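> I have a structure here, written as structure tokens, and I will follow up with some questions on it.
2 protein chains.
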Amino acid sequence: MKLSDGVETAIHCTAAVAGLPQGAVMAAADLAEFHGVSASYLLKHLKALVKADLLVSVPGPTGGYRLARPANEITLLDVVLAVEGPEPAFRCKEIRRNGPCAPGPSAFPRPCNINRAMLKAEQAYRAALSQTTIADLNSEFLATSDPRVVERADNYFTAQMRPQKT
Amino acid sequence: MKLSDGVETAIHCTAAVAGLPQGAVMAAADLAEFHGVSASYLLKHLKALVKADLLVSVPGPTGGYRLARPANEITLLDVVLAVEGPEPAFRCKEIRRNGPCAPGPSAFPRPCNINRAMLKAEQAYRAALSQTTIADLNSEFLATSDPRVVERADNYFTAQMRPQKT
DNA sequence: GCAGTATTACTCGGATAGTCACTGTCCGAGTCGCTCCGG
DNA sequence: CCGGAGCGACTCGGACAGTGACTATCCGAGTAATACTGC
Numbered sequence: 026m027k028l029s030d031g032v033e034t035a036i037h038c039t040a041a042v043a044g045l046p047q048g049a050v051m052a053a054a055d056l057a058e059f060h061g062v063s064a065s066y067l068l069k070h071l072k073a074l075v076k077a078d079l080l081v082s083v084p085g086p087t088g089g090y091r092l093a094r095p096a097n098e099i100t101l102l103d104v105v106l107a108v109e110g111p112e113p114a115f116r117c118k119e120i121r122r123n124g125p126c127a128p129g130p131s132a133f134p135r136p137c138n139i140n141r142a143m144l145k146a147e148q149a150y151r152a153a154l155s156q157t158t159i160a161d162l163n164s165e166f167l168a169t170s171d172p173r174v175v176e177r178a179d180n181y182f183t184a185q186m187r188p189q190k191t
Numbered sequence: 026m027k028l029s030d031g032v033e034t035a036i037h038c039t040a041a042v043a044g045l046p047q048g049a050v051m052a053a054a055d056l057a058e059f060h061g062v063s064a065s066y067l068l069k070h071l072k073a074l075v076k077a078d079l080l081v082s083v084p085g086p087t088g089g090y091r092l093a094r095p096a097n098e099i100t101l102l103d104v105v106l107a108v109e110g111p112e113p114a115f116r117c118k119e120i121r122r123n124g125p126c127a128p129g130p131s132a133f134p135r136p137c138n139i140n141r142a143m144l145k146a147e148q149a150y151r152a153a154l155s156q157t158t159i160a161d162l163n164s165e166f167l168a169t170s171d172p173r174v175v176e177r178a179d180n181y182f183t184a185q186m187r188p189q190k191t
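Dropping the structure here:
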């Protein structure tokens, strides 16, 4: 069980975009530089976030990304599902039907109880993720981080952000 | 996020071994045939279960595997960790330190709050897994499965199991 | 000076190679049961 | 007939290829700002 590294960058980028003023956007290249990751690859994950309706992309010069809805309505679960896909981590192959002791598919009307237990645990995982919003993360970041870091980040964002006219 | 398929086979095999009489063992080849999976590959996971002290292997002819401790003391979490490894699914790369706004490592004395939130969710996942034991799974299997399946499985196990002398 | 237009440069989006972990397999080391031999 | 040694076969354990997903990258479609031209 391993989450792809893209989840981390996606969360950081979403939190960063959430720190922009209302209506402003930020280009993928700037987000990549700010986080020190590859710009080309970051686009892949940003695309996934756009497809999941978490971000909105603005094309053309002065384009970039902004949140699709308020930061307190975007949870960690939303970001994780957008990047990793909605499928559960445990995917029952129904191997109980394979062996010589299986009379046939009709003998298994109920879902595999192992599968049920695993999915139940995963629901607990997702429930925990859905309790933290991007807004929570940013509030905590501002409250607990080194003031120098906050100041530098604020300066960077002020310099790179692009206010939209409309 | 995807659990390896080996987790499913490992859980099924552990539950199967738990159904053996006290002290009896079952060969990997029989476990593989019973579940309809590759015997060569199953050994890989059984080895992991042995290394994690969930199963005990008995070498030589009439050898096989048996539980290392009672079935009600083996949880799904034990099996998952044995196969997948103890590392958490989310591994923070500390990318917040990469960008041009990071003064230096000394500016981040506290762990990344994103990492904390992700690990907290994973703890909830593991806590849920640890609430289900192999004994629970087998009790539920006996209570809810088609009687034909239970009977066939019981016959198979009676024929293939190997009672140990000592 | 101003409006309209063509250009230009910049942005995101999708299609394309490279790398690592998981899947699947094989052969070798070790051990117990069986057979043969001797008493 | 009984005990013991040797042999054989079966078991698990670790090392070796194949495949799919994630990582990383590039080039093309689209758009807004810009420069230019004509009025």
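Protein sequences, first through last, are from chains V and B.
The letter at position 26 of the first sequence is residue 51 when you use our numbering, and the numbering goes up by one with no holes.
The letter at position 154 of the second sequence is residue 179 when you use our numbering, and the numbering goes up by one with no holes.
Yeah, the Cβ is synthetic: ideal placement off N, Cα and C, and Gly gets one too.
Bear in mind the structure is a predicted one, so any value in this text is a computation, not a measurement.
Could you give the C-beta distance for cysteine 126/B and asparagine 140/B, rounded to a whole number, given that I count them as a contact under 8 Å?
Walking along the second sequence from the start, residue 126/B turns up at place 101. Walking along the second sequence from the start, residue 140/B turns up at place 115. No, cysteine 126/B and asparagine 140/B are not in contact; Cβ-Cβ is about 19 Å, not under 8 Å.
> Roughly how many whole angstroms lie between the Cα atoms of serine 131/V and valine 174/B?
Stepping through the first sequence from its first residue, residue 131/V is reached at position 106. Stepping through the second sequence from its first residue, residue 174/B is reached at position 149. Each residue's alpha carbon lies about 11 Å from the other.
> Taking contact to mean at least 3 C-beta pairs separated by less than 8 Å, is the stretch 144-156 of chain V in contact with the stretch 135-151 of chain B?
Contact between the stretch 144-156 of chain V and the stretch 135-151 of chain B is present, because at least three Cβ pairs lie under 8 Å.
> Would you check if the stretch 55-63 of chain B and the stretch 92-109 of chain B touch, i.e. whether three or more CB-CB distances between them fall below 8 Å?
No contact exists between the stretch 92-109 of chain B and the stretch 55-63 of chain B.
> So, under 8 Å CB-CB, alanine 43/B and isoleucine 159/B are touching, yes? Tell me the CB distance rounded to an integer number of Å.
For this step, residue 43/B is matched to residue 18 along the second sequence. For this step, residue 159/B is matched to residue 134 along the second sequence. About 5 Å separates the two Cβ atoms, so the contact holds.
> Checking 7 Å against the spacing of the C-beta atoms, do glycine 124/V and histidine 60/B come in under that value?
Sequence index remark: in the first sequence, residue 124/V carries index 99 (1-based). Sequence index remark: in the second sequence, residue 60/B carries index 35 (1-based). The answer is yes: Cβ separation under 7 Å.
> Compare the Cα-Cα distances from leucine 68/V to each of Asp78/V, Gln47/V, Ala49/V and Tyr90/V and report the closest residue.
Sequence index remark: in the first sequence, residue 68/V carries index 43 (1-based). Nearest option by C-alpha distance: Tyr90/V.
> Flag valine 174/B as yes if its beta-carbon sits less than 7 Å from any beta-carbon of chain V, otherwise no.
Taking the first residue of the second sequence as position 1, residue 174/B is located at position 149. For valine 174/B, the answer is yes, since a Cβ of chain V falls inside 7 Å of its Cβ.
> Using 7 Å as the threshold, is the C-beta distance between lysine 27/B and alanine 114/V below it?
Residue 27/B sits at position 2 when you count from the first residue of the second sequence. Residue 114/V sits at position 89 when you count from the first residue of the first sequence. For lysine 27/B and alanine 114/V, yes; Cβs fall inside 7 Å.
> For the alpha helix (DSSP H) containing valine 75/V, list its first residue and its last residue.
Position 50 of the first sequence holds residue 75/V. Where valine 75/V is concerned, the enclosing alpha helix (DSSP H) stretches over 64-76.
> In chain B, which residues lie with their C-beta within 8 Å of the C-beta of alanine 53/V?
The residue you call residue 53/V lines up with position 28 of the first sequence. Simply none; closest approach about 14 Å.
> Counting C-beta neighbours from all protein chains within 10 Å, is the total for threonine 183/B 16 or more, i.e. buried, or is it exposed?
Translated into the one-based positions of the second sequence, residue 183/B becomes position 158. Looking at its Cβ environment, which holds fewer than 16 other Cβ atoms inside 10 Å, threonine 183/B is exposed.
> Less than 7 Å between CB atoms is the rule here; does tyrosine 90/B satisfy it with respect to chain V?
Working through the second sequence from its first residue, we reach residue 90/B at position 65. So, not an interface residue.
> Considering just the uninterrupted stretch of the alpha helix (DSSP H) at leucine 92/B, what are its terminal residues?
Taking the first residue of the second sequence as 1, we reach residue 92/B at position 67. It is not in any alpha helix (DSSP H) - leucine 92/B instead sits in the beta strand (DSSP E) that spans 89-92.
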